[in-house]
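In what follows, a single structure is set out as structure tokens and then discussed.
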Amino acid sequence: MSTRHLISQDLVHNFIGTYGSVLADLLLTAFGYTSFLFPLICSVFGWKWLRSQDIKTPAIKIFGLLCLASSGCLLLALIFPHPVTVGWSIQTGEIVGTGGTTRPGGILGDLLAECFQGRFNLAGTYIVGFMIFMASLF
5 MSTRHLISQD LVHNFIGTYG SVLADLLLTA FGYTSFLFPL ICSVFGWKWL
55 RSQDIKTPAI KIFGLLCLAS SGCLLLALIF PHPVTVGWSI QTGEIVGTGG
105 TTRPGGILGD LLAECFQGRF NLAGTYIVGF MIFMASLF
């Protein structure tokens with residue numbers, strides 16, 4: 005249940021409660037399906053912290069994660085320009101202009117896709133987005 009459903013006074017059925025619902029809704033709206041990577045990333049860094057391991061070159065790792073998230077949003081917005089259902093759909097309520105479902109790339113993906121397509125054409129946007137994605141993996 006997302007934040008937009010809280011108006012109906014229903015109880016939030018979420019492990020973290022209202023805070024988790026608000027955070028999940030904000031991340032999903034901003035980053036789209038790429039937001040599902042954030043718990044995995046936090047788990048990896050948390051595991052290193054619990055084992056008292058040093059994170060080598062943290063600034064480069066943070067830059068790489070930002071590139072990974074932004075290029076993932078960009079590519080999802082390009083590949084799936086309309087809301088997608090893959091056996092399940094994420095319903096987020098009725099918001100003007102969205103049709104009630106979350107876009108795969110989120111707001112960030114839509115903004116980046118428009119910006120990159122203004123600078124490059126569609127093929128150039130795919131190429132640059134894929135290059136940033138691959139570079140962020142290393």
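Each residue of the sequence shown is one higher than the last, beginning at 5 in the working numbering. Using N, Cα and C, we set each Cβ at its ideal position, and we do this for glycine too. Computed from a prediction, not measured in an experiment: that's the story for all the values here.
Measuring straight from C-alpha to C-alpha, what distance separates residue i and residue j?
i, j, result
"alanine 63", "leucine 70", "11 Å"
"alanine 127", "glycine 21", "43 Å"
"isoleucine 45", "proline 87", "25 Å"
"leucine 34", "arginine 55", "Correcting the residue type first, residue 34 is alanine in the shown sequence and not leucine. Spanning the two alpha carbons is a distance of roughly 32 Å."
"glycine 24", "aspartate 58", "29 Å"
"phenylalanine 84", "valine 26", "25 Å"
"phenylalanine 19", "tryptophan 53", "23 Å"
"isoleucine 131", "leucine 15", "45 Å"
"phenylalanine 42", "lysine 65", "14 Å"
"leucine 115", "leucine 82", "11 Å"
Between which residues of its own chain and residue i is the CB-CB distance below 6 Å, once the five residues before and five after are set aside?
i, result
"glycine 68", "Ser140"
"phenylalanine 120", "Thr129"
"alanine 73", "Thr38"
"isoleucine 136", "Cys71 and Ser75"
"glycine 133", "Ser75, Leu78 and Leu79"
The alpha helix (DSSP H) spanning residue i covers which residue range?
i, result
"threonine 22", "22-35"
"lysine 52", "41-54"
"glycine 110", "110-123"
"proline 62", "62-83"
"isoleucine 59", "No alpha helix (DSSP H) contains isoleucine 59, which DSSP labels as neither H nor E."
"valine 4", "This structure cannot settle anything about residue 4, because the visible part of the chain is limited to 5 through 142."
Under the assumption that residue i contacts residue j (Cβ atoms under 8 Å), give the Cβ distance between them as a whole number of angstroms.
i, j, result
"leucine 80", "glycine 109", "4 Å"
"glycine 50", "glycine 113", "No, glycine 50 and glycine 113 are not in contact; Cβ-Cβ is about 26 Å, not under 8 Å."
Applying the 10 Å Cβ sphere with the 16-neighbour rule, what's the burial state of residue i?
i, result
"threonine 106", "buried"
"leucine 78", "buried"
"histidine 17", "exposed"
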